[in-house]
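To start, the structure under review is shown below, and the notes come after it.
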Amino acid sequence: MSPTAPHASLRGVTRVYPGKSPVHALGPLDLDLRRGEFFSVVGPSGCGKSTLLDVLAGLNPPSAGTVSFEGKPVTSVPDGIGVVFQEDASFPWLTVAGNIAFGLRRAGVEAAEIDRRVDYAVGFMGLSAFAGAYPAQLSGGMRQRVCIARTLVMQPRLILLDEPFGALDQQTRLLMGDELLRLWRETGATVLLITHALDEAAMLSDRVGVMSARPGCFIDMVDTGWDRDRDSRIVSDASFGALTGRLWASLRQESMRAIGRG
Amino acid sequence: MTRSTALAWARVAVVVAIVVLLEALCRTGIIKPLTLVPPSLMLTDLYRLLVSGDITDDIVQTFLEVGTAFAIAGAVGFALGALVHALPRLRQALDPLLAAWYAIPLFVFYPLLVALFGLTVLPLIAIGVGFATPAMMIATLTGLDRVPPVLRRVARMHRLSPLSTIWRVILPSAAPYLFGGLKLSFAYAFIGVIAGEFILSGGGLGYGIAYAYESFENRKMYALMLFVLLLAVGVNAVLQSLESHIARKRSRQ
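Protein sequence lines correspond, in order, to chains L and R. Take any residue in the first sequence, count from 1 to its spot, add 2: that is its number in the working numbering. Take any residue in the second sequence, count from 1 to its spot, add 2: that is its number in the working numbering.
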């Protein structure tokens, strides 16, 4: 596979949910994810952002079009893709360490290697003091960090995040964003983030795709131009406001359409 | 002392007060010996019966019947619950029947069960199973309903096989409800079997109580009643403690 080839791509992808009144949720759309980039998707509520993530992850087959990851067609969940969901997806019957080790154990990784990776992830996510705690004893933000750690220890080459900070307050989101940027730099993985927060997309991303109201298609593609070595302090950068404004300008009409005022 | 400890002590105090009051009423003759024997006498009579071995066969028979009914109801109730959960149309058809199940006086089928299985332990086990199975089935349905869909998606992302998904994700997630179903199933199996033994049986604790009642053996009757009561409370306490242990892990502390 050529180093310049897209890490993952969608070609002419649509998703229609069948039924008495079929729902055309997505597409047709094309997307190329560059290897190692941080790409965010913003769009109005119900525009098919999460469907896009499901299709890319192999959780939901497209009705038409093709999806490929590392040059191979995606027909089911491929090796090398990790997903962090919007909802709390921690297993309440497992400790923090047990949750993080879950996928490694199922994959048959050796015990010593599991311990090493879990220890690293627990430290990296600032959960060292809670390794033996159960999710119910943690805050929402800490539970989400457990889920991120569980995905990270599998060393995915493409990380898909579906509004992972949606339930968190603004300050925690900024700090979690910093952690996300740090792990993105350290792992070198490609990241696709679904978010409804324009400032979050502007702060975290190399590139932001703006989607239309349902059926979701890309109506704008914005290069942020940030250095790779960035963190949440860029929100005070003069160009940050202009960037968020640009995203809103692209999205405003579509958001009005989504709520029936367009 | 925490609030829950204080409440536990208050409950014990209420039980002790009732026992002491009954003891006093019986000892002073306010309650006649033919109506009720003093609790202390029930306890010493029970001890004597247990040591003599007179009721060992009855205990063994009841334990076997309840144990068998509970095991069948647990397994069948779980299997039926899982099957009905997987077939939404069947569930739509069965939901009203399940909801009305405990309105049916199952004991009216006792003659039919005796005609089918003869005067053996089988009709008693069948009644126990009939009482206990729907409880387990309903608990299984509720438990499977409450498995968060996102956990199934996590299982898919980890590329778990269907069997592994059931074993590693769905069953642990539904465990509190399944355990509640088992607890309820045991209680229903116990009630069904003991009550069945009362009606028509040649052995077992229920039969022992009925026989003692008909032959005016008041002291034996109360001793056996106390045994059944202690047994039910004891088993329930053990199951309750296991259930609380599971729940504690999952609730915010």
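Idealized CB from N, CA, C, for every residue including glycine.
Terminal residues of the continuous alpha helix (DSSP H) containing residue i?
i                : result
Asp60 (chain R)  : Thr58 to Ala88
Tyr19 (chain L)  : First-last for Tyr19 (chain L): Ala10 to Tyr19, but that is the beta strand (DSSP E), not the alpha helix (DSSP H).
Val265 (chain L) : Since the first and last residues shown for chain L are 3 and 264, residue 265 (chain L) lies out of range.
Gly179 (chain L) : Gln172 to Thr189
Asp56 (chain L)  : Lys51 to Ala59
What in chain A is Cβ-close to residue i, meaning under 8 angstroms?
i                : result
Ser166 (chain R) : The structure shown has no chain A; the protein chains it does contain are L and R.
By Cβ distance below 7 angstroms, which residues in the same chain neighbour residue i in space, the five residues on each side in sequence not counted?
i                : result
Ser92 (chain L)  : Asn101, Pro137, Arg145, Val148 and Cys149
Leu206 (chain L) : Phe40, Ser42, Gly179, Leu182, Leu183 and Leu195
Asp32 (chain L)  : Leu12, Arg13 and Gly14
Who are the near neighbours of residue i in its chain, counting only those whose CB is closer than 6 angstroms to its CB and skipping five residues on each side?
i                : result
Ala59 (chain L)  : Ile83, Val85 and Leu162
Pro64 (chain L)  : Val15, Arg17 and Val57
Gly130 (chain R) : Ala71, Ala191, Gly194 and Val195
Glu216 (chain R) : none
Gly79 (chain R)  : Thr135, Met138 and Met139
Gly83 (chain R)  : Met139, Thr142 and Leu143
Met127 (chain L) : Arg147 and Ala151
Return the chain-ordered list of same chain residues with a C-beta closer than 8 angstroms to the C-beta of residue i, the five sequence neighbours on each side being excluded.
i                : result
Leu35 (chain L)  : Pro8, His9, Ala10, Ser11, Phe41, Leu160, Thr192 and Leu194
Asp225 (chain L) : Asp208 and Arg209
Contact criterion: CB-CB distance below 8 angstroms. Does residue i meet it with respect to chain R?
i                : result
Val124 (chain L) : no
Ala138 (chain L) : yes
Pro166 (chain L) : no
Val69 (chain L)  : no
Val237 (chain L) : no
Pro94 (chain L)  : yes
Glu89 (chain L)  : yes
Gly84 (chain L)  : yes
Leu55 (chain L)  : no
Leu61 (chain L)  : yes
Gly50 (chain L)  : no
Gly143 (chain L) : no
Gly21 (chain L)  : no
Val18 (chain L)  : no
Tell me, please, whether the CB atom of residue i is closer than 8 angstroms to any CB atom in chain L?
i                : result
Pro35 (chain R)  : no
Ala177 (chain R) : yes
Leu162 (chain R) : yes
Leu153 (chain R) : yes
Arg91 (chain R)  : no
Arg158 (chain R) : yes
Arg5 (chain R)   : no
Arg148 (chain R) : no
If you draw a straight line from the alpha carbon of residue i to that of residue j, how long is it in whole angstroms?
i                : j                : result
Val53 (chain R)  : Thr37 (chain R)  : 26 angstroms
Val76 (chain L)  : Ser70 (chain L)  : 5 angstroms
Gln255 (chain R) : Thr7 (chain R)   : Note that Gln255 (chain R) has pLDDT 42, beneath the 50 cutoff, so the model's placement of it is unreliable and the number below is only indicative. Cα to Cα, the separation comes out at about 16 angstroms.
Gly29 (chain L)  : Cys219 (chain L) : 5 angstroms
Gly69 (chain R)  : Gln63 (chain R)  : 10 angstroms
Glu67 (chain R)  : Tyr112 (chain R) : 15 angstroms
Ser203 (chain R) : Leu180 (chain R) : 32 angstroms
Along the beta strand (DSSP E) that carries residue i, what are the first and last residues, could you check?
i                : result
Val111 (chain L) : Here Val111 (chain L) belongs to no beta strand (DSSP E), and DSSP marks it neither H nor E.
Ala212 (chain R) : Premise fails: Ala212 (chain R) lies in the alpha helix (DSSP H), Leu207 to Glu216, not in any beta strand (DSSP E).
Gly168 (chain L) : First-last for Gly168 (chain L): undefined, no H or E at that position.
Gly84 (chain L)  : Ile83 to Val86
Phe93 (chain L)  : Phe93 (chain L) -> no beta strand (DSSP E), and no H or E assigned at all.
Ala66 (chain L)  : Ala66 to Phe71
Arg259 (chain L) : It is not in any beta strand (DSSP E) - Arg259 (chain L) instead sits in the alpha helix (DSSP H) that spans Ala240 to Ala260.
#### Entry: Whole runs of the alpha helix (DSSP H) within the segment 8-42 of chain R, excluding any shorter than 4 residues
none
#### Entry: Complete runs of the beta strand (DSSP E) confined to the segment 147-181 of chain R [at least 3 residues]
Segments of the beta strand (DSSP E) lying fully in the segment 147-181 of chain R: there are none.
### Task
Within the segment 93-148 of chain R, note down every full alpha helix (DSSP H) run reaching 4 residues or more, in order along the chain.
112-119 and 124-147
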